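Colleague:
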C-alpha cells in the first residue's frame, strides 16, 4: 500500500520547479541528481517488488514509463528543469536494484507470495 504514496511523492518532487526546491532548502540535491534518481527508483522497485512479487516485468515497464514521463515533463517551461537521458538510465538502474533487493528479501522471508 505504500507504493502509491512513494510514487506520488517522487513524481511531485521530480516535477517541482527548481525555484521552489531552492525556497524549500532542497536545491542542494541537484548536485547528486543521478544518485537522487537511482535512490528514488530503487525505493519504487523495492516497494513494488515486495507488494507485487510476481509482476516484475509490469513493474519495470511501468516504472520506466514514469521515469520517461518525468524527464519529458521536466523539460516543459512550467517545471523549468533539464531533461536528461542519463536520469532515465539512473531510474532504470535503481528500479532493477530495487527489484533485486525485493526478490532477495522475499527469498529470505520464505518465498514469494
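Residue numbers (the working numbering): 24 to 136. We put the beta carbon where it would ideally sit given N, CA and C, even for glycine. These figures come from a predicted structure and were not determined experimentally.
For the alpha helix (DSSP H) holding residue 114, just list the boundary residues, first then last.
Modeller: Counting along the chain, the alpha helix (DSSP H) containing residue 114 begins and ends at 108 to 131.
Colleague: Tell me which residues share the same chain as residue 60 and place their Cβ nearer than 6 angstroms to its Cβ, disregarding the 5 neighbours each side in the sequence.
Modeller: Within the same chain, residue 60 has close Cβ partners 110, 113, 114.
Colleague: Could you round the C-beta distance between residue 62 and residue 117 to whole angstroms and report it? I think they count as a contact, below 8 angstroms.
Modeller: Confirmed, Cβ separation roughly 7 angstroms.
Colleague: For residue 79, name the three-state secondary structure that DSSP assigns.
Modeller: Reduced to three states, the DSSP call for residue 79 is helix.
Colleague: What separation, rounded to the nearest whole angstrom, lies between the Cα atoms of residue 66 and residue 57?
Modeller: Taking the straight line joining both Cα atoms gives about 14 angstroms.
Colleague: Using only CA atoms, which one of 86, 101, 106, 83 lies nearest to residue 94?
Modeller: Selected option, being the one with the closest Cα: 106.
Colleague: Thinking C-beta only, is residue 91 closer than 7 angstroms to residue 40?
Modeller: Not a contact, by the Cβ cut-off of 7 angstroms.
Colleague: Would you kindly report the start and end of the unbroken alpha helix (DSSP H) that includes residue 48?
Modeller: Here residue 48 belongs to no alpha helix (DSSP H), and DSSP marks it neither H nor E.
Colleague: Figure out for me which residue from 89, 77, 130 has the closest Cα to the Cα of residue 32.
Modeller: Minimum Cα distance to residue 32 is reached at 89.
Colleague: Given a threshold of 16 other Cβ atoms within 10 Å of its Cβ, counted over all protein chains shown, does residue 28 qualify as buried or as exposed?
Modeller: Counting Cβ neighbours within 10 Å, residue 28 comes out exposed, since fewer than 16 surround it.
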